[in-house]
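The numbering used here applies: residue 6 is where the sequence shown begins, and numbers increase by one.
Right, one structure below, let's go through it.
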Amino acid sequence: MDGIVLTPLKQIYNVKGDIFHIMKKSDDGFYGFAEAYFSTINKNVIKGWKQHTEMTLNLVVVIGEVEFVLYDNISKEFFTVCLSKKNYQRLTVRHGIWMAFRGIDEKNIVLNLANIEHNSDEANNLGLDEIKYEW
């Protein structure tokens, strides 16, 4: 889907502790950096629908497993992916795409590296029933 990039990320295992790469400024999907934050989501809880009008998201699941559902209201397409340690990738979502996500494990933490600082006026929100998707 246009506006979405999945980037496999490097994991380096070491007996003293592992390293999980997230992003370099030379990576596809890097559109500047303004804010980083973690978001938790409980098992079987769904957050969404949200559409950013300016922000590009770079999402990485650092703990647990999270199912992301993205919707392009112009093409009427859905894109889904489950990210976890087993499927360790960065999901880049350009502004204009609707997104919802669901926690799969008991404990789930998502990191977002955003290109602009959070501003509640730059996002649109819809109820889960307003975009039809069978969870």
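Note that beta-carbon positions come from the ideal geometry of N, C-alpha and C, so glycine has one too.
(request) Round the Cβ separation of V10 and D33 to the nearest angstrom and send it over; I've been treating them as touching at under 8 Å. (result) 6 Å
(request) Have a look at R95 and M60 and give me their C-alpha separation to the nearest angstrom. (result) 16 Å
(request) Give the DSSP bridge partners of S44, in chain order. (result) V115
(request) Kindly indicate which residue of I68, V115, Y138, L14 has the alpha-carbon position closest to the one of K29. (result) L14
(request) Leaving out five residues on either side along the sequence, give the residues of the same chain with a beta carbon under 7 Å from the beta carbon of H123. (result) E40
(message) Looking at the secondary structure, which residues open and close the beta strand (DSSP E) in which W54 lies?
(response) 51-57
(request) Tell me whether the beta-carbon of T58 lies closer than 8 Å to the beta-carbon of A128. (result) yes
(request) Would you mind giving the Cβ-Cβ distance between N72 and R107, rounded to the nearest angstrom? I have them listed as a contact below 8 Å. (result) Reading off the sequence shown, one finds Glu at residue 72, where the question assumed Asn. Confirmed, about 5 Å.
(request) Give the DSSP-derived three-state secondary structure of D146 in the structure shown. (result) No answer is possible for residue 146: it lies beyond the span of the chain, which begins at 6 and ends at 140.
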